[in-house]
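Worksheet: the structure to be examined is printed underneath.
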Amino acid sequence: MDDLTVVLVSPRNPLNIGACARAMSNFGFHDLRLVNPYEKAFREAVSAVGGAPVLQSARVYDDLAAAVNDCSLVVGTTSIGNRELQHTLYPLESAAPLIQGKAALLFGSEKFGLSNDDISFCHFLVRIPTTPETPSMNLGQSVAVCLYELIRNPSARAVTESRRSLSGNDAEQITRMLLEVLHRSGYTNRIVATSTELKIRRFIRRIHLGAVDGRLVLGFLRQLLWKLR
Numbered sequence: 031m032d033d034l035t036v037v038l039v040s041p042r043n044p045l046n047i048g049a050c051a052r053a054m055s056n057f058g059f060h061d062l063r064l065v066n067p068y069e070k071a072f073r074e075a076v077s078a079v080g081g082a083p084v085l086q087s088a089r090v091y092d093d094l095a096a097a098v099n100d101c102s103l104v105v106g107t108t109s110i111g112n113r114e115l116q117h118t119l120y121p122l123e124s125a126a127p128l129i130q131g132k133a134a135l136l137f138g139s140e141k142f143g144l145s146n147d148d149i150s151f152c153h154f155l156v157r158i159p160t161t162p163e164t165p166s167m168n169l170g171q172s173v174a175v176c177l178y179e180l181i182r183n184p185s186a187r188a189v190t191e192s193r194r195s196l197s198g199n200d201a202e203q204i205t206r207m208l209l210e211v212l213h214r215s216g217y218t219n220r221i222v223a224t225s226t227e228l229k230i231r232r233f234i235r236r237i238h239l240g241a242v243d244g245r246l247v248l249g250f251l252r253q254l255l256w257k258l259r
């Protein structure tokens, strides 16, 4: 429970923020982070019944990269809708045993959910099996259901150094360095830069580099950049 972080991206409703904090308290989770919240809503939510301690210790970030910087696994939630996904999508029950180590569970804004840019930071996605007629759930309800499933199926397993996942900071550093290599080598240009960045970020998360392999890749990229520069 101490290793799991709940991240709310651009939440706007104080009642929803309070409900998320209360659900975390109910199930024994404590690390809440908010990315670019609607300031008034966050101030009003801090006194939420049952969730006040979680909210008072919550951290606020301007961007998602900083919020998941120390997390080796980032999992996004989605109701799918009409979007075409580029990630593996698991039903919540199947995903729960996979969520271990220093992990972040992302929830998008009440109106739009997670953006494509937000999802590019994720290793995989999870979906609560709702009906097609009413696929999306209230933010507080979604957090409560996900956390209940995690404590219902605890998956505390020792992770050796050779299997330890890459930290969010190292994954983003590899992403940035690889993008610079591609740019300097002429592979990318300004017109496709944004699209390429999302594709590379998704690729680095999708291949699930371990911490040891990550350090090796960083070494390769540093040498390549030194030569290209």
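Start counting the sequence shown at 31; every next residue gets the next number (this note's numbering). Idealized CB from N, CA, C, for every residue including glycine. The structure presented is a predicted model; accordingly, all values stated were derived computationally and were not measured.
Tell me whether T190 is buried or exposed, calling it buried when 16 or more other Cβ atoms sit within 10 Å of its Cβ. Model confidence at T190 stands at a pLDDT of 42, short of 50, so the residue's coordinates are unreliable; what they give is reported in the following sentence. It counts as exposed.
### Task
Flag this pair as yes or no: are the beta carbons of N99 and L228 separated by less than 8 Å?
no
| task | Classify V84 as helix, strand or coil using the three-state DSSP reduction. | result | helix
_Where T35 sits in the DSSP three-state scheme_ = strand
Quiz prompt | Span of the beta strand (DSSP E) around P44 | solution = Looking at the DSSP string, P44 is not in any beta strand (DSSP E); the run it does join, the alpha helix (DSSP H), is P44 to F57.
query: Just how far apart, CA to CA, sit F57 and L254?
result: 47 Å
Check your understanding: Should S109 and R232 be called a contact, given that it needs their Cβ atoms to be closer than 8 Å?
Key -> no
Can you look up P67 in the DSSP assignment and give me helix, strand or coil? coil
So for S166, helix, strand or coil by DSSP?
coil
Query raised in the report: Can you pull the DSSP bridge partners for Y120?
Result: V156
Practice task
Please work out which residues of its chain come closer than 6 Å, Cβ to Cβ, to Q116, disregarding the five sequence neighbours upstream and downstream, and give them in chain order.
Solution key: R232
Judging by CA-CA distance, which residue of A201, V222, R214 and T107 is the nearest neighbour of Q246? The sequence as given places Leu at residue 246; Gln does not occur at that position. Comparing Cα positions, the closest option is A201.
- Message: Judging by CA-CA distance, which residue of R63, L180, S40 and L136 is the nearest neighbour of I129?
- Response: L180
Which word fits R187, buried or exposed, when buried means at least 16 other C-beta atoms lie within 10 angstroms of its C-beta? With a pLDDT of 45 at R187, under the threshold of 50, the modelled position of that residue is not reliable, and no figure is offered here.
Through-space distance from Y120 to S86, alpha-carbon basis
Contrary to the premise, residue 86 reads as Gln rather than Ser in this sequence. Cα-Cα distance, rounded: 32 Å.
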